[in-house]
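Asks: Sharing a structure, written as structure tokens. Questions coming.
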Amino acid sequence: MTFDKEFLLKQSKTFCMAPWIHLYSSPTGQVGPCCISRNNSGPQASTNGIYNVENSSLIDLVNSPVMNKLRHQMLNEIPSPICSACHDYETAGIDSFRNSLNREFEQHFDYSVNETNEDGS
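Convert by adding 2 to the 1-based position in the sequence shown; the result is the number in our numbering.
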């Protein structure tokens, strides 16, 4: 499947390169798409991650139902609560981590995103 690279990287309000090229693990082993995702920050981080690195393989973490759903939501312009930190920054007029990642890693779009299935996996 081929996705509109220009739209997703420059105009989308939800798309982020992180779930395609990155995986964050907190010091407690909780995994998420990035270090500021809501499931990895704050006092609930130790119990609220997507999965824990101690219980899952890397390939299972990358292809987990939560990560696949997140990628699908991003491709379909559906805001995810996991990404609310970036959405909050953007609403306040602040350049977000999402925007920064899209600029810095756009050269990886074709290989990582356009190789993705329609369901985000």
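All C-beta atoms, glycine included, are put in the ideal place defined by N, C-alpha and C.
Since this is a predicted model, take the numbers as computed values, not measurements.
(1) What residue range does the alpha helix (DSSP H) around Q32 cover?
(2) In the structure shown, what three-state DSSP assignment does N70 receive?
(3) For the alpha helix (DSSP H) holding C88, just list the boundary residues, first then last.
(4) Using a Cβ-Cβ cutoff of less than 6 Å, which residues in the same chain neighbour S98 once the five nearest sequence positions on both sides are dropped?
(5) Which residue marks the beginning of the alpha helix (DSSP H) containing N57, and which one marks its end?
(6) Can you list, in chain order, the residues of its chain with a C-beta nearer than 8 Å to that of Q75? Leave out the 5 residues immediately preceding and following it.
(7) Using C-beta distances below 6 Å, list every residue in its chain close to E106, excluding the 5 sequence neighbours before and after it, in chain order.
Replies: With the given structure in hand:
(1) If you number the sequence shown from 1, residue 32 lands on position 30. No alpha helix (DSSP H) contains Q32, which is instead part of the beta strand (DSSP E) from Q32 to G34.
(2) To locate residue 70, count along the sequence shown from 1; it is residue 68. Reduced to three states, the DSSP call for N70 is helix.
(3) The count along the sequence shown starts at 1 and reaches residue 88 at position 86. Here the alpha helix (DSSP H) through C88 covers S86 to T93.
(4) Residue 98 sits at position 96 when you count from the first residue of the sequence shown. C88, Y91 and E92.
(5) Here the question's residue 57 lines up with position 55 in the sequence shown. Segment: none, N57 is in no alpha helix (DSSP H) and carries neither H nor E.
(6) Position 73 of the sequence shown holds residue 75. The residues are T16, P81, S82 and G122.
(7) In the sequence shown, the residue the question calls residue 106 occupies position 104. Hits under 6 Å: none found.
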